[in-house]
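Engineer: Count along the sequence shown from 1, then add 122; that gives the number in our numbering.
Glycine residues also receive a C-beta, built at the ideal position from the N, C-alpha and C atoms.
Just so you know, these numbers come straight off a predicted model, no measurement behind them.
The structure is given below, and queries will be raised subsequently.
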Amino acid sequence: VDVDIKTLTMLEQNPDIEITRVSGLRHFSFSMNTKTAPFDNPDVRQALKHAIDRNDVINKAFLGNAKVANDDPAAPQIAFAVNPEPIHEYDVAKAKAYLAKAGLTTLSVDLSVAETAFPNAIDAALLFKEHAAKAGIDINVIREPDDGYWDNVWQHKPFVGVDWLGKPTLDSLFTTTYATGAPWNDTAWSNGRFDELLVKARAESDKTKRQAMYGEMQQILHDDGGALVIAYALFMDALSKKITHGKIGNMLQCDNFRMAERWWLA
């Protein structure tokens, strides 16, 4: 079964259970609606991206079971992934400098989360609140009910926690989530150059040229996008040591939801 972080320690103490960990395409983020103030200001978005200590969140909220992200939704395992520079690390001075560029000395924002947003999302949001306070940013964490979160909060509130499962290609990921007018574009972000490259890359057969296009798209998202990408999650499954399996898929949990056909009793 897919492991809940809250029960991980208990499961690890059972000698008859194996915990598998796979670096996957799933990522957790805090999404900012770029059409709503103050998130319509790219300097405010950059301030928030530098006001979170991702390592602290991963160690405390995810118990180390994730990899640090860099405000790029493309996990390292997907084809054409890059790691845009500069790396967005926790930097209070930079966060304050970006606030100053936006004409601000302090900032107050609401962040809506629920446990269903992603595992331990409330703990992650509260840690973010602690980190951001040092940069003069007050994050008011609103604990939303799990029931109705995806219908009433996601894509309705301007700053929310989101759990994104993997997509098989960058074209699929970008087309459904970051292209102008995409149905799941919860950041309401629109960038003409990004849209242009997305169409061109889809038709480009030269691998080197496609790599350059997808690399530029990731750089644009990193620099300008409304997704504060916290971490790339590890898929964790708990299973009896009587069960045998081959290589585990990394796009979705539970061996891409195919464990019933791929795993067998030893």
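1. Where does residue 174 sit, in a helix, a strand or coil, going by DSSP?
2. Can you tell me whether residue 250 is helix, strand or coil according to DSSP?
3. In the DSSP assignment, find the alpha helix (DSSP H) that holds residue 214 and state where it starts and stops.
4. Thinking residue 140 and residue 361 are a contact (beta carbons under 8 Å), I'd like their distance in whole angstroms, please.
5. Let me know if residue 322 comes out buried or exposed under the rule of 16 or more other beta-carbons within 10 Å of its beta-carbon.
6. When DSSP builds the beta bridges, which residues end up paired with residue 283?
7. Report back the beta-carbon spacing between residue 150 and residue 240 to the nearest angstrom; my notes put them in contact at under 8 Å.
8. With distances taken from CA atoms, which of 243, 325 and 312 is nearest residue 346?
9. Could you tell me whether the Cβ atoms of residue 242 and residue 152 are closer together than 8 Å?
10. Does residue 129 pass the burial test, meaning 16 or more other C-beta atoms within 10 Å, or should it be called exposed?
11. Can you name the start and end residues of the beta strand (DSSP E) that residue 261 belongs to?
12. What are the partner residues of residue 335, as DSSP defines its beta bridges?
13. Straight-line CA distance for residue 281 to residue 189?
14. Measuring straight from C-alpha to C-alpha, what distance separates residue 234 and residue 210?
15. Which residues does DSSP pair with residue 381 in a beta bridge?
16. When the Cα atoms are used, what is the spatial distance from residue 137 to residue 176?
17. Check for me: the beta strand (DSSP E) holding residue 317 runs from which residue to which?
18. Using the rule of at least 16 other Cβ atoms within 10 Å of the residue's Cβ for burial, across every protein chain shown, is residue 172 buried or exposed?
19. Do residue 229 and residue 259 have their C-beta atoms closer together than 8 Å?
20. Need the endpoints of the beta strand (DSSP E) that residue 293 sits in, please.
21. Below 6 Å CB to CB, which residues in the same chain sit around residue 245 once its five sequence neighbours on both sides are set aside?
22. Please check the pair residue 249 and residue 178, which I expect to be a contact at CB under 8 Å, by giving their CB distance rounded to whole angstroms.
23. Would you mind giving the Cβ-Cβ distance between residue 163 and residue 348, rounded to the nearest angstrom? I have them listed as a contact below 8 Å.
24. Starting from residue 128 and walking both ways along the beta strand (DSSP E), at which residues does that stretch end?
Structural biologist: The relevant details are as follows:
1. Coil, per DSSP.
2. Judged by DSSP in its simplified three-state form, residue 250 adopts helix.
3. It spans 214-223 - the alpha helix (DSSP H) in which residue 214 sits, taken as one unbroken run.
4. 6 Å between Cβ atoms; contact.
5. Residue 322 comes out exposed.
6. Residue 283 has 152 as its beta-bridge partners, per DSSP.
7. Confirmed, about 4 Å.
8. Of the residues 243, 325 and 312, the one whose Cα lies closest to the Cα of residue 346 is 312.
9. No, they are not a contact pair.
10. By the neighbour-count rule (16 or more Cβ atoms within 10 Å), residue 129 is not buried but exposed.
11. Judged by DSSP secondary structure, residue 261 falls within the beta strand (DSSP E) whose first and last residues are 259-265.
12. The partner list for residue 335 (beta bridge, DSSP) is empty, contrary to what the question assumes.
13. Each residue's CA atom was taken as its position, placing residue 281 and residue 189 some 22 Å apart.
14. Going by C-alpha positions, residue 234 is about 23 Å away from residue 210.
15. Answer is none; residue 381 lacks a bridge partner.
16. C-alpha separation (whole angstroms): 32 Å.
17. First-last for residue 317: 314-325, but that is the alpha helix (DSSP H), not the beta strand (DSSP E).
18. Residue 172 is buried by the Cβ-count criterion.
19. Yes; because the gap between Cβ atoms is below 8 Å, this pair is in contact.
20. First-last for residue 293: 292-299, but that is the alpha helix (DSSP H), not the beta strand (DSSP E).
21. Here the set comprises 183.
22. With a Cβ gap of about 6 Å, residue 249 and residue 178 count as contacting.
23. For a cut-off of 8 Å, the C-beta gap from residue 163 to residue 348 is around 11 Å, too long to register as a contact.
24. Counting along the chain, residue 128 falls outside any beta strand (DSSP E), though it belongs to the alpha helix (DSSP H) covering 127-134.
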